[in-house]
Amino acid sequence: MIGEAVDTVVTVGWALAAWIAALAFVAAVVLHSVVAAVWWAGRVLWRGVTAALAATGPRTALSAPLTTEQPDAVPEPPAPAERRTAPHRPAWARKEAA
36 MIGEAVDTVV TVGWALAAWI AALAFVAAVV LHSVVAAVWW AGRVLWRGVT AALAATGPRT
96 ALSAPLTTEQ PDAVPEPPAP AERRTAPHRP AWARKEAA
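Residue numbers (the numbering used here): 36 to 133.
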């Protein structure tokens, strides 16, 4: 009878330990997800604020979203890069070498 009680206590103990381990794993995954999401949102916000401050200055960057002004013109995109040198061809492949 005492043996059965000890066996039951050991079994329940192992089951409780397994539940604690499983819940700790789930809590760690949830905590990691929350930390990653908050970090990502903070990074996006930080980059947006610093880009606005760098582009317009601190006074206008922070008040710009409160105004309804539209930019006067959209700047032209840069022209594509041009090749500075002629493509390399070996001497045997040139027509003037033959």
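We put the CB at the ideal spot given by N, CA and C, even for glycine.
Handout entry: Between the CA atoms of Ala50 and Val61 - distance to the nearest angstrom
Key = Approximately 17 Å, taken between the alpha carbons.
Handout entry: For Thr85, the three-state DSSP class (helix, strand or coil)
Key = In the structure shown, Thr85 falls within a helical segment according to DSSP collapsed to helix, strand and coil.
Handout entry: Contacting residues, own chain, Cβ-Cβ under 7 Å from Val69 (five flanking each side not counted)
Key = There are no such residues.
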